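Colleague: First residue of the sequence shown: 2, per our numbering; consecutive thereafter.
All C-beta atoms, glycine included, are put in the ideal place defined by N, C-alpha and C.
Treat the numbers as computed from the prediction; the structure is a model and nothing was measured.
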Amino acid sequence: MATVTSVTYVSVVNQVRQAGDLLHLPYQPIATALAFVHHFKQTRNEAYPDTRVAAACLFLACKVEEATVRTNDLLNAVHFAAVQQLDSAVISGNPVSERPAFGTIVGQEYYALKETLITDEQILLRTINFEIVVQHPHKYLFNFGKLINAKFSLIQMAVSILNDSIVHTTLCLAHLPADIAAACLQVASELSNPLQLPVVSSSSDWGALGVKQQNVDHIGLALLDMIVSNMQPG
């Protein structure tokens, strides 16, 4: 069952996203890193510092997706994202127990953090059982959209819903990427006015695309819950 991430969980996710943006990474390695975060957080009960989890997941994802990034840049980007996150917490009036010092990581501090990063990568690999290949739903979404002649605006909305689901839910751990893609298209259709998905009107239509209507409906409910939750203030 998909769940919206907790406050601490969101902290790690946001660090991955912001660090990825700072490093000008393509979306693929960022999405893969987020999948690793979900897997790690759902599997391990021990408390790990958010910055270590974020750095390890990005480090491994960049290797898997063949995204070139210097280790020094990655560590500094995650560190900067953590500092910015705490600044936002202070501005919002939330208490901050421990604030990392701002500044570029160099010298002995860098070498110590690099050693820790390598250790954390090994912990991450064992946690995910060395299953490093992540199948993202995007290619299925675009293919389905083309097959059913979906309007561009519908595909845009479906992609937005999909990207939000990678951030806010654990759907990627529980469901096939094709089913998630179909559900995003269906939810986008339901939220559009008028409905823009006339081709897929029954379970047999989804079956022709290789997905089951029951799975699409189940994931769709989780996506709608996510959308409603994201609209809540605070």
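Which first and last residues belong to the alpha helix (DSSP H) in which G108 is found?
Modeller: By 1-based counting over the sequence shown, the position of residue 108 is 107. Start and end: G108 to T128.
Colleague: If you compare alpha carbons, which of T52, I167, N46 and G108 is closest to I181?
Modeller: Here residue 181 corresponds to residue number 180 of the sequence shown, with the count starting at 1. Of the candidates T52, I167, N46 and G108, the one whose C-alpha sits nearest the C-alpha of I181 is I167.
Colleague: Is T120 buried or exposed, if buried means 16 or more other CB atoms sit within 10 Å of its CB?
Modeller: Counting from one through the sequence shown, the residue named residue 120 turns up at place 119. Counting Cβ neighbours within 10 Å, T120 comes out exposed, since fewer than 16 surround it.
Colleague: So which of M158, H25, F41 and P27 has the shortest CA-CA distance to T171?
Modeller: Position 170 of the sequence shown, counted from the first residue, corresponds to residue 171. Selected option, being the one with the closest Cα: F41.
Colleague: Check the C-beta distance from F145 over to L210 and give it rounded, since I have them as a contact under 8 Å.
Modeller: Indexing the sequence shown from 1 puts residue 145 at position 144. Indexing the sequence shown from 1 puts residue 210 at position 209. Confirmed, about 6 Å.
Colleague: Could you compute how far the alpha carbon of V229 sits from the alpha carbon of Q43?
Modeller: Along the sequence shown, one-based indexing puts residue 229 at 228. Along the sequence shown, one-based indexing puts residue 43 at 42. Approximately 23 Å, taken between the alpha carbons.
Colleague: Quick check: Q85 and Q19, are their CB atoms within less than 9 Å of each other?
Modeller: Indexing the sequence shown from 1 puts residue 85 at position 84. Indexing the sequence shown from 1 puts residue 19 at position 18. In contact: Q85 and Q19 (Cβ atoms closer than 9 Å).
Colleague: Please classify A32: does DSSP put it in a helix, a strand, or coil?
Modeller: Position 31 of the sequence shown, counting from 1, holds the residue named residue 32. A32: helix per DSSP, three-state reduction.
Colleague: Just reading off the alpha helix (DSSP H) that H176 is part of, what are its end residues?
Modeller: For this step, residue 176 is matched to residue 175 along the sequence shown. From DSSP, H176 is part of no alpha helix (DSSP H); its letter is neither H nor E.
Colleague: DSSP three-state label for G211, please.
Modeller: Residue mapping note: residue 211 aligns to position 210 of the sequence shown, counting from 1. G211: coil per DSSP, three-state reduction.
Colleague: Candidates A68, G221 and S190: which alpha carbon is nearest F153's?
Modeller: Working through the sequence shown from its first residue, we reach residue 153 at position 152. Among A68, G221 and S190, the Cα nearest to that of F153 is on S190.
Colleague: Any idea if L118 is buried or exposed, counting beta-carbon neighbours within 10 angstroms, 16 or more meaning buried?
Modeller: Looking up residue 118 in the sequence shown gives position 117. The residue is buried, with at least 16 neighbouring Cβ atoms inside 10 Å.
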